[in-house]
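Add 6 to the 1-based position in the sequence shown for the numbering used here, that's all there is to it.
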Amino acid sequence: MKPKEKNEKSIEKVIQDGLESPTMDLTVNYAELALDSFLDNEAIKEIPIVKSIVGIVKGGMKVREIYFAKKLLTFLKEFHSAKLKDSIKIEFQKKFKTDKKYRNSVVEQIMILNERILEIEKSKILANLFASHLNDKFDWQGFLNLSYCTERLNLTAIDFLNEIAEEEKPFYRGYSQFDDNVAFLISAGIAQQWGSHLHITAHGQYLYFYGIKGKIDYEFPKQEEKK
């Protein structure tokens, strides 16, 4: 057990370092790299996260571990590519370095969430949501709730979600009970059925703008007060 615990702490440390500052080339599209690049490309192999995970399974490289490294790299690249204000970055780094409970919670959840998801694209969505959380668009629990919705979302329904967002009354439309996309959105917890109409919930709209679209500065239109 001791060697395993040591390796896990090593991964936690490199994720911690990766959140504080970029530890990889941000011009590389890690999501599109072939898995064998993590074994054959010397530059990729020297990235701390890859190096740490490779160290765990050096007795026999496993696809699952390589894919995990790929998801983490994609998450960190997307996070550092987000256009957060310098003041927000400094505030986050200060709290991240000084508040051990907060730091452990952030690192742990990022590891768990990226390990559980299947699609690389979802690592990008998670990174956008995390950046939006730091941008004070929702609290930590809100980030976790939206992350769970992301985990359950069937990505094939995103085009359908784009269509609903462009409706005359955004995020509200009639639907066919035979449309699989409806079931996909409801099962992800981001849509509700109202009679013969489909309504995208607040969680769904937050996930759409902040996570899928990556608009971390988006401001929802203020509703006019009823007189």
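Backbone N, C-alpha and C fix where the C-beta goes; we use that ideal spot for every residue, glycine too.
With hydrogens ignored, establish whether the beta-carbon of residue i is closer than 6 Å to any heavy atom of the ligand ADP.
i: residue 97; result: As presented, the structure is devoid of all ligands, the ligand ADP included, so that no description of it is given.
Looking at residue i: is its Cβ nearer than 7 Å to the Cβ of residue j?
i: residue 135; j: residue 159; result: no
i: residue 120; j: residue 77; result: yes
i: residue 222; j: residue 138; result: yes
i: residue 81; j: residue 133; result: yes
Whole angstroms is fine: what's the gap from residue i's alpha carbon to residue j's?
i: residue 96; j: residue 75; result: 26 Å
i: residue 17; j: residue 185; result: 42 Å
i: residue 195; j: residue 210; result: 8 Å
i: residue 40; j: residue 203; result: 42 Å
i: residue 7; j: residue 57; result: The predicted model places residue 7 with a pLDDT of 42, which falls under 50 and marks its position as unreliable, so this point remains unresolved.
i: residue 53; j: residue 116; result: 18 Å
i: residue 28; j: residue 113; result: 15 Å
i: residue 228; j: residue 220; result: 20 Å
i: residue 55; j: residue 25; result: 12 Å
Comparing C-alpha positions only, which one of the options sits nearest to residue i?
i: residue 180; options: 24, 170, 189; result: 170
i: residue 292; options: 224, 22, 215, 217; result: There is simply no residue 292 to check, as the chain begins at 7 and stops at 233 in what is shown.
i: residue 201; options: 212, 213, 208, 178; result: 178
i: residue 143; options: 208, 52, 113, 105; result: 208
i: residue 155; options: 173, 122, 174; result: 122
Can you list, in chain order, the residues of its chain whose CB lies under 7 Å from that of residue i, leaving out five sequence neighbours each side?
i: residue 193; result: 158
i: residue 109; result: 22, 102
Once the 5 residues before and after residue i are set aside, which same chain residues still bring their CB inside 8 Å of it?
i: residue 146; result: 111, 139
Does the count of Cβ pairs from the stretch 125-134 and the stretch 166-173 closer than 8 Å reach three? Segment contact: the stretch 125-134 against the stretch 166-173, fewer than three CB-CB distances shorter than 8 Å; contact not assigned.
Is there contact here, the stretch 40-50 with the stretch 87-96, by at least three beta-carbon pairs under 8 Å? Too few Cβ pairs lie closer than 8 Å, so no.
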